[in-house]
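J.: Quick mapping for you: the protein sequence lines, in order, are chains Z and S. Each position in the first sequence, counted from 1, maps to that position plus 31 in my numbering. Each position in the second sequence, counted from 1, maps to that position plus 4 in my numbering. Built from N, CA and C at the ideal position, the CB exists for glycine as well. All values reported here derive from a predicted model rather than from experimental measurement.
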Amino acid sequence: MLERIIKAYNEAVFETDKEAAFEVINEAMAQGLTAEDVVFKVVIPAVEEMMADITRNPDANLAQHFMTAQIAAEVTERMLEKFKHPPEIIGRVVIGTAAGDLHSLGKRIVMGCLKALMVEVVDLGVNVPAEKFVDEAVAHDAQVIAVSAMMVHTATGENGCRKVREILCQRGLEEKIKIVVGGAPYRFDEALYKSVGADGWAADGITASRMIIGLIRVVKDGGGP
Amino acid sequence: MTPLDILVAAINGTPAPRIPVFCNLLDQGARELGMPQQQYYSRGEHVAEGQLRMNRRFGHDNVWSLFYVGKEAEFFGCEKILYAEDGSPNVGDFVIKTWEDIAKLQVPDDITTHPAWAETAKCLNILREEVGSSRPICAYLTASTSLPALLMGMDKWMELLMSGPADLRDHLLAKCAEFYQKEVAAYRAAGANVLVYSSPFGTVYFVGRNRFDSLAMPWMKRDLAPGGVGNIVYYCGMAPFNAVIPDVMNELNIAIHYVSPLDNLAEAKSIINARLLQHDGKGLTCGVIDDIKLIHWTREETRAEVKRICEIGKPGGHFLFGTGVMPMAIPEASIHDMLEAAFEFGTLP
Numbered sequence: 032m033l034e035r036i037i038k039a040y041n042e043a044v045f046e047t048d049k050e051a052a053f054e055v056i057n058e059a060m061a062q063g064l065t066a067e068d069v070v071f072k073v074v075i076p077a078v079e080e081m082m083a084d085i086t087r088n089p090d091a092n093l094a095q096h097f098m099t100a101q102i103a104a105e106v107t108e109r110m111l112e113k114f115k116h117p118p119e120i121i122g123r124v125v126i127g128t129a130a131g132d133l134h135s136l137g138k139r140i141v142m143g144c145l146k147a148l149m150v151e152v153v154d155l156g157v158n159v160p161a162e163k164f165v166d167e168a169v170a171h172d173a174q175v176i177a178v179s180a181m182m183v184h185t186a187t188g189e190n191g192c193r194k195v196r197e198i199l200c201q202r203g204l205e206e207k208i209k210i211v212v213g214g215a216p217y218r219f220d221e222a223l224y225k226s227v228g229a230d231g232w233a234a235d236g237i238t239a240s241r242m243i244i245g246l247i248r249v250v251k252d253g254g255g256p
Numbered sequence: 005m006t007p008l009d010i011l012v013a014a015i016n017g018t019p020a021p022r023i024p025v026f027c028n029l030l031d032q033g034a035r036e037l038g039m040p041q042q043q044y045y046s047r048g049e050h051v052a053e054g055q056l057r058m059n060r061r062f063g064h065d066n067v068w069s070l071f072y073v074g075k076e077a078e079f080f081g082c083e084k085i086l087y088a089e090d091g092s093p094n095v096g097d098f099v100i101k102t103w104e105d106i107a108k109l110q111v112p113d114d115i116t117t118h119p120a121w122a123e124t125a126k127c128l129n130i131l132r133e134e135v136g137s138s139r140p141i142c143a144y145l146t147a148s149t150s151l152p153a154l155l156m157g158m159d160k161w162m163e164l165l166m167s168g169p170a171d172l173r174d175h176l177l178a179k180c181a182e183f184y185q186k187e188v189a190a191y192r193a194a195g196a197n198v199l200v201y202s203s204p205f206g207t208v209y210f211v212g213r214n215r216f217d218s219l220a221m222p223w224m225k226r227d228l229a230p231g232g233v234g235n236i237v238y239y240c241g242m243a244p245f246n247a248v249i250p251d252v253m254n255e256l257n258i259a260i261h262y263v264s265p266l267d268n269l270a271e272a273k274s275i276i277n278a279r280l281l282q283h284d285g286k287g288l289t290c291g292v293i294d295d296i297k298l299i300h301w302t303r304e305e306t307r308a309e310v311k312r313i314c315e316i317g318k319p320g321g322h323f324l325f326g327t328g329v330m331p332m333a334i335p336e337a338s339i340h341d342m343l344e345a346a347f348e349f350g351t352l353p
C-alpha cells in the first residue's frame, strides 16, 4: 500500500498538482497510515526525490521546485497537528529577504523544505533590516539566519548579509548563529557568498535545507568549524 | 559604418568591420550625473543625458530608454518604488495584494497619455534626436506571462499560475497582454528600435515543457500578434532558454536571442544559425557575459572570458556581444577592460 501511495503522491507533486497530492494523503490516512508515516515515509522522501531530480532531469523547473516545497510544507503542517507526540525539532532558523529586496520566491521554497524536514522557521518577511535579522535570531534562539537576495546590490551591498555578519561579530554571536544566503546573484557567481560574509549558500531548496541542518548541528555542537 | 549599421549587418549576415557590442548600463547614469537615483529617474532628460554621457565615455553601441524594470507597474497604479544608491530601483508595493484586486486592475486606454509614460517619452525624444540615426535605442517590455510578477510578487504569481483558478489567471494575463500590445506600439512610435521582450516564464527552466506549450506559448503569441516581431529580441531575464529557441523561432518567428550566460553559447548559436533560412537569412545570437563576475575579475580574467565568447560567436556571423544589466558594483576600469576586449576580439576579417 505504502509503495502505491508514495508513487501516487510523487506523481502529483511532479505534475505540481496540489489538489491531487492532498487527495492521495487523505486517502492514505483513510486507509490507516499515521500522520508520522505520511511525513517521514511519503513527504520527506518525495521532497528529497524531487529536489534531486532537479539536477538530473533537464525538464525539472522552478515551478516544480516551488510547488513541491509548498505542498510538502502544507502537508507537514497539517500532519503535525495529528502527531501522537510532538516531533523532535532539529533547530530553528530566521529567514527573510535582505533590506531593499522584495523577492520572496526563493525564501518560500527554502521555508517549505525546512518545515518538511522538521526545522522550525521564523519568517521575517521581505525588506528586512540587518539588525532585525540578528535581534529576531537572538529572541527566537535560532541557530541560523537565512538571507535571501535576488538583486546584486541587495546581495552584496552594505545593508544585507555583510551588515548581519558585522553585527554578529560586534555582539560576539558568530559561534552561536550562522548565516546562509541564497538568490540569483550567488548562482551567477558561486564565490560571492564568501565575499559577503556568509557561512554558506545553496542553489536549491533541499541543498539549502541540508546545509542549514548541518550548520544547526555545528552550532549545537559548540559553534566551531 | 555606424553602430546601427553594424547591428543590421550582423542580423543580415552582411560584411561589417566588427560585431556589435552592447553594454547595458542603467543605474550608473545617476552616478554619471552626480545625483541621487530618485532625482535621476524623475526626469526623462536626466536618463537620456546619463545614457548619452555613458555612451561617450565607454563607446559601446547601444543606449537605453529603460528607467527601471518596475516602471511598468506604475502604469497599473504602483506608487512606491524602493530606490537604492548602489543598485536598481525595485517595486516597493505590489498593486495586487489579494486575488480580488485583479478584477480592479485597469490597463490605461492610451498609455502615451499616462503620467508614467511622460518621462520615458521625453527620454526617447532626446535619444532619437541625438543618436537615433546612428545607434540602437533599446526598450524593455515585459511579456504578459511575466508582468504579473511585478504586480503581485513572483511567489504569489507562481501560486496563481500553478494552482489558482484558471479563469482568474487568464483574466490577469489578458490585461497584461493588452498592456504589452499598447506598450510595444508606443515604444515603436517613439523611436525605440531594439525591443527587448522579457519573458522569464517563456522558458522550460521556469515552468516546464507542459506549461510552456500550453500556457506561455499561446500567451506570447497573443502578446506579439498585433504588432509583429520586427526588432524583437527574445530575453528571459538571464534564465537559460536554449531548449525553447526552436519553438520561439518556429512558432513566434523571433530570430534574435539574448542568450543566458548559464546556457551553452555554442549550442544556442548552432540552433539559431541552423534556422536562419526560415527567417530570410536574418537572425542574431547575442553572447552574454556573466557580468556579476566582473565585480571581482581581474583584467586578464575579463579579457579571457570576452575572448572565449567572441571565439564561439564569430564563426558563421550573426553574432553580438552583450552584457546583462551591469551591476553598479562593477569598477569602471573593468567596464573599459571588457569593452576594449570586445572591440578587439570582435573585429571581423
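(1) Using a Cβ-Cβ cutoff of 8 Å, what residues of the region 182–212 of chain Z are near chain S? List them in chain order.
(2) If you check the beta carbons only, do Z:Val159 and Z:Val124 fall under 8 Å apart?
(3) Given that a residue counts as buried once 16 or more other Cβ atoms are within 10 Å of its Cβ, and exposed if not, what is S:Lys133?
(4) Could you list which residues in chain S have their beta carbon closer than 9 Å to that of Z:Met98, in chain order?
(5) Output needed for Z:Gly143: all residues of its chain with C-beta closer than 6 Å, excluding positions within five of it in sequence on either side, in chain order.
(6) Looking at the structure shown, is Z:Asp68 part of a helix, part of a strand, or coil, going by DSSP?
(7) In whole angstroms, give me the CA-to-CA distance for S:Ser150 and S:Arg215.
(8) Pull up the CB-CB distance for Z:Val153 and Z:Ala173, whole angstroms please, since I reckon it's below 8 Å.
(9) For Z:Gly23, decide whether its Cβ has a neighbour in chain S, counting only Cβ atoms nearer than 8 Å.
(10) Can you pull the chain S residues whose beta carbon is under 9 Å from the beta carbon of Z:Ser179, in chain order?
(11) Determine, using beta carbons only, whether S:Ser218 comes closer than 8 Å to chain Z.
(12) Which residue from S:Glu305, S:Val198 and S:Glu104 puts its Cα closest to that of S:Leu11?
(13) Return the bridge partner residues of Z:Asp154 from the DSSP annotation.
(14) I'd like to know whether the C-beta of S:Val310 is nearer than 8 Å to at least one C-beta of chain Z.
(15) Thinking S:Gly287 and S:His322 are a contact (beta carbons under 8 Å), I'd like their distance in whole angstroms, please.
(16) Measure from the C-beta of Z:Phe164 to each C-beta in chain S and report whether the shortest distance is under 8 Å.
(17) Would you identify the three-state DSSP class for S:Phe325, choosing helix, strand or coil?
(18) Which runs of the alpha helix (DSSP H) spanning at least 4 residues fall entirely within the region 214–270 of chain S, listed in chain order?
(19) Looking at the structure shown, is S:Trp27 part of a helix, part of a strand, or coil, going by DSSP?
(20) Counting only runs that start and end within the region 110–169 of chain S, where is the alpha helix (DSSP H) found for 4 or more residues in a row?
(21) Run through DSSP, which three-state label would S:Asn277 get?
(22) Pairing CB atoms from the region 179–189 of chain Z with CB atoms from the region 330–343 of chain S, are three or more of them under 8 Å?
(23) Checking contacts by CB at 8 Å: is Z:Phe71 closer than that to chain S?
(24) Check this for me: beta carbons of S:Asn257 and S:Val233, under 8 Å apart or not?
(25) Would you check if there are 3 or more beta carbon pairs closer than 8 Å linking the region 338–349 of chain S to the region 298–314 of chain S?
(26) Check whether the region 139–159 of chain S and the region 67–85 of chain S are in contact - that is, three or more C-beta pairs closer than 8 Å.
(27) Give the residues of chain Z in contact with S:Arg215, contact being defined as C-beta atoms less than 9 Å apart.
(28) Do you know how far the Cα of Z:Ala233 is from the Cα of Z:Met242?
(29) Quick one: list the residues of chain S neighbouring Z:Pro216, beta-carbon separation under 7 Å, in chain order.
(30) How about S:Phe26 and S:Thr289: do their beta carbons lie closer than 8 Å?
(31) Give the list of continuous alpha helix (DSSP H) stretches no shorter than 4 residues that lie fully inside the region 305–350 of chain S.
(32) In the DSSP assignment, find the alpha helix (DSSP H) that holds Z:Val250 and state where it starts and stops.
(33) Is it the case that the region 186–197 of chain S contacts the region 216–235 of chain S, given that we only count it when at least three CB pairs across the two stretches are under 8 Å?
(34) Hey, S:Gly291 and S:Gly317: beta-carbon distance below 8 Å or not?
(35) Output the distance between the C-alpha atoms of S:Val135 and S:Cys180, rounded to the nearest integer angstrom.
(36) Mind checking the region 229–249 of chain Z against chain S and listing, in chain order, the residues whose C-beta falls within less than 8 Å of any C-beta there?
T.: The short version:
(1) Within the region 182–212 of chain Z, the residues whose Cβ lies closer than 8 Å to some Cβ of chain S are Met182, Val183, His184, Thr185, Thr187, Gly188 and Glu189, listed in chain order.
(2) It is not a contact, given that the beta carbons lie outside the stated cut-off.
(3) The amino acid at residue 133 of chain S is misidentified as Lys; the sequence shows Glu. The residue is exposed, with fewer than 16 neighbouring Cβ atoms inside 10 Å.
(4) Met162, Glu163, Met166 and Ser167
(5) Ala100, Gln101, Ala103 and Ala104
(6) helix
(7) Rounded to the nearest angstrom, the two C-alpha atoms are 14 Å apart.
(8) 7 Å
(9) With chain Z covering only 32 through 256, there is no way to say anything about residue 23 of chain Z.
(10) Those within 9 Å of Z:Ser179 in chain S number zero; the least Cβ separation is about 11 Å.
(11) No, its Cβ sits nowhere closer than 8 Å to a Cβ of chain Z.
(12) S:Val198
(13) Z:Ile126
(14) no
(15) 5 Å
(16) no
(17) S:Phe325: strand per DSSP, three-state reduction.
(18) Listed in chain order, the complete alpha helix (DSSP H) runs (minimum 4 residues) inside the region 214–270 of chain S are 221–228.
(19) Reading off the sequence shown, one finds Cys at residue 27 of chain S, where the question assumed Trp. Coil, per DSSP.
(20) 119–135, 151–156 and 158–167
(21) Assigned with DSSP and collapsed to three states, S:Asn277 falls in helix.
(22) yes
(23) no
(24) yes
(25) yes
(26) yes
(27) Thr47, Asn92 and Ala94
(28) 8 Å
(29) Ile296
(30) Taking a C-beta distance under 8 Å as the contact criterion, S:Phe26 and S:Thr289 do not qualify as a contact pair.
(31) 336–349
(32) Gly236 to Lys251
(33) yes
(34) Contact flag set, yes.
(35) 31 Å
(36) none
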